[in-house]
Structures are given as structure tokens and as C-alpha cells.
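Undergrad:
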Amino acid sequence: MAKFLLMTTSIEDGARSPSVQHNSHYPIGVAYLHSYLESIGHRVETLDLNDYPFDQCRTIAMDKIAAEHWDIVGFQILAFNRTSSFRLIEEIHQHRPDIHLVAGGVHATVMYEQIVLRYPFLTVVRGEGEMTISELADKWSGGGGGYGFSAGDWFFRRWEACCY
Ligand code: B12
Numbered sequence: 009m010a011k012f013l014l015m016t017t018s019i020e021d022g023a024r025s026p027s028v029q030h031n032s033h034y035p036i037g038v039a040y041l042h043s044y045l046e047s048i049g050h051r052v053e054t055l056d057l058n059d060y061p062f063d064q065c066r067t068i069a070m071d072k073i074a075a076e077h078w079d080i081v082g083f084q085i086l087a088f089n090r091t092s093s094f095r096l097i098e099e100i101h102q103h104r105p106d107i108h109l110v111a112g113g114v115h116a117t118v119m120y121e122q123i124v125l126r127y128p129f130l131t132v133v134r135g136e137g138e139m140t141i142s143e144l145a146d147k148w149s150g151g152g153g154g155y156g157f158s159a160g161d162w163f164f165r166r167w168e169a170c171c172y
């Protein structure tokens with residue numbers, strides 16, 4: 009079973025809430041993923057960092073990465089947190105290239121080509137992510153097949169038998 013850290017990062021300056029409000033805008037999509045992954049036996053933690061300025065968001069996220077072992081780190085990317093997500097994706101990959109990085113959410117779903125061209129080490133999941141992220145975890149732990157949108161491959165692919 010894999011250990012996941014899911015996160016949603018700083019909303020850009022000017023659009024962010026003036027205070028940290030965990031109850032008002034908790035990311036429902038990430039909660040769906042968290043719940044599903046736990047229900048099938050994975051270990052999951054979620055960081056809801058939308059309301060934090062980027063320097064605080066970065067400190068919380070990087071401390072969490074350093075404090076424990078993580079197999080997979082997932083980002084919910086919306087238009088207004090894309091820059092902070094990309095900065096953290098770059099930093100985590102630089103320091104911990106062993107961690108599988110996955111992105112999903114509305115922005116990633118629409119802008120997947122641009123994102124995987126820029127970050128060939130990143131896997132982008134389009135649309136609803138529950139099944140795909142669990143199949144990716146199977147794949148990366150040497151288990152059975154699944155579907156994912158993999159960096160560098162311009163199609164949805166089935167791991168065991170590629171289909172277009
Ligand atoms: C409900 C809703 C809200 C609710 C709850 C938001 C929340 N925090 O969850 C409220 C009213 C609070 C809200 C507020 C806002 N919203 Co709103 N909201 C929606 C709406 C209608 C549904 C979102 C939803 O819950 N979907 C159901 C969940 C299960 O789906 P999901 O979030 O997409 O997640 C799934 C996949 O994307 C994927 N996934 C998501 N993250 C990840 C991560 C990984 C690693 C993987 C593998 C997969 C994955 O798997 C998830 C589970 O299946 C969408 C429109 C839509 N139809 O999607 C707009 C939408 C997301 N909202 C939007 C906006 C702009 C806002 C606000 C900025 C509005 C404002 N000006 O304040 C705020 C932002 C607040 C915030 N910090 O999130 C835009 C985002 C645009 C963009 N390009 O990023 C959308 C797309 C509407 C639109 N078309 O403009 N919103």
C-alpha cells in the first residue's frame with residue numbers, strides 16, 4: 009500500500025482569502041480522493057494550503073515532505089493556484105526525485121499538454137481521479153494495470169497493453 013500526500017497550494021496574491029479558513033473552501037475533490045484511497049487501504053494525508061501566503065505554504069509543505077516517507081505526492085491544480093503548485097513541484101522534484109508527483113484538478117485537466125511538456129517527470133490525471141490515481145499507485149508498486157495520462161505519452165494508455 010502506498011503513502012500519499014495530497015495538497016492544494018496557495019491561491020495567488022490578490023485573490024486569496026485574507027485569513028486562513030479551513031471550513032469555507034475545503035477542496036472537495038481532494039477530499040474525494042483522500043476518502044477513496046483510504047477506503048482501499050492506502051495511507052493518506054491532505055494539506056489544504058489555499059489560504060496561506062506562498063512562503064508559509066512552502067514551509068508547511070516542504071517540512072511535511074522532509075519529515076516522513078512519501079511514495080506519491082498529488083496536487084490539485086486550479087487556475088488560481090497553478091503558480092504555487094508548479095513552484096513546489098519543481099522544488100520537490102529537485103530534492104526528492106524518488107517521489108512520484110501527480111497533478112489533477114480543473115486546470116490540469118484542461119492544460120495537460122502544456123504541463124507535461126514543461127514537466128516530463130510529472131504525471132497528469134485528467135477528470136475524476138479516484139480510479140486513475142489508485143491504478144497509478146498499483147503500477148508504481150509493481151502491481152496490476154490501469155489507466156493514466158503519463159508524461160511524454162500523448163494518449164490515455166493502459167499500462168499492460170497500450171491502446172489509443
Ligand atoms: C462546488 C464548487 C465550489 C464550492 C466548493 C469548492 C471547493 N473548494 O471544493 C465553492 C462555492 C466554495 C467554490 C468556490 C470557488 N470556486 Co468553485 N466550483 C465548484 C464546482 C461547481 C464543483 C467543484 C466540485 O466540487 N466538483 C466535484 C469534485 C469531486 O470534483 P473536482 O474538484 O474537480 O475533483 C476531481 C477531479 O478534478 C480530480 N482531482 C482534483 N484534484 C486532484 C488531484 C490529483 C492529484 C488527482 C490525481 C486528481 C484530482 O479528482 C477529483 C475527484 O474526482 C466547480 C465547477 C465544476 N463543475 O467542477 C467550480 C470551480 C472549480 N470553481 C471555480 C472558482 C473560480 C471558484 C472560486 C475562485 C470562486 C471565487 N471567485 O471565489 C472559489 C475558490 C474557492 C476554493 N479555494 O476552492 C472554477 C475554477 C476555475 C479554474 N480554472 O481553476 C470552477 C471550475 C468553476 C468555473 N467553471 O469557473 N466552488
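Going by the working numbering, the letters in the sequence shown line up with residues 9 to 172, in that order. Glycine included, each C-beta is placed from N, C-alpha and C at the ideal position.
Would you list, in sequence order, the uninterrupted alpha helix (DSSP H) runs of no fewer than 4 residues that lie entirely inside the region 51-90?
TA: Qualifying alpha helix (DSSP H) stretches, in chain order: 62-75.
Undergrad: Tell me whether M15 is buried or exposed, calling it buried when 16 or more other Cβ atoms sit within 10 Å of its Cβ.
TA: Its Cβ being crowded by 16 or more others within 10 Å, M15 is buried.
Undergrad: Using 8 angstroms for Cβ pairs, my map puts F129 next to L144. What's the rounded Cβ distance?
TA: Their Cβ separation, rounded to whole angstroms, is 14 angstroms, which puts F129 and L144 out of contact at 8 angstroms.
Undergrad: Give me the DSSP bridge partner(s) of T16.
TA: According to DSSP, T16 bridges with D56.
Undergrad: Which of the three DSSP states, helix, strand or coil, is assigned to L130?
TA: Three-state result, L130: coil.
Undergrad: Would F52 pass as a contact of F12 if the rule is Cβ separation under 8 angstroms?
TA: For the sequence presented, residue 52 should be read as Val rather than Phe. It is a contact, given that the beta carbons lie within the stated cut-off.
Undergrad: In chain order, what residues of the same chain have a beta carbon less than 8 angstroms from the beta carbon of E20, not counting five sequence neighbours either side?
TA: If we look at E20 and ignore the five residues flanking it on each side, its Cβ neighbours are F88, N89, T91 and S92.
Undergrad: Give me the Cα-Cα distance between A69 and A75, rounded to the nearest whole angstrom.
TA: Using only the alpha carbons, I get a separation of about 10 angstroms.
Undergrad: Would you check if the region 115-133 and the region 43-60 touch, i.e. whether three or more CB-CB distances between them fall below 8 angstroms?
TA: Too few Cβ pairs lie closer than 8 angstroms, so no.
Undergrad: For H33, is the beta carbon positioned less than 7 angstroms from some heavy atom of ligand 1?
TA: Result yes, Cβ under 7 angstroms from ligand 1.
Undergrad: Is H108 helix, strand or coil by DSSP?
TA: Of the three classes helix, strand and coil, the one that applies to H108 here is strand, per DSSP.
Undergrad: Take D56 and list the residues in its own chain whose beta-carbon comes closer than 7 angstroms to its own, dropping the five residues that flank it on each side.
TA: T16, H30, Y34 and P35, listed in sequence order.
Undergrad: Does the beta carbon of N89 come closer than 8 angstroms to any beta carbon on chain B?
TA: No chain B is present in this structure, which holds just one protein chain.
Undergrad: Could you tell me whether the region 37-46 touches the region 58-67, where touching means 3 or more Cβ pairs closer than 8 angstroms?
TA: No, the region 37-46 does not touch the region 58-67.
Undergrad: Nearer than 7 angstroms: is that true of the beta carbon of G22 relative to any heavy atom of ligand 1?
TA: Because no heavy atom of ligand 1 lies under 7 angstroms away, the Cβ of G22 does not count as near it: no.
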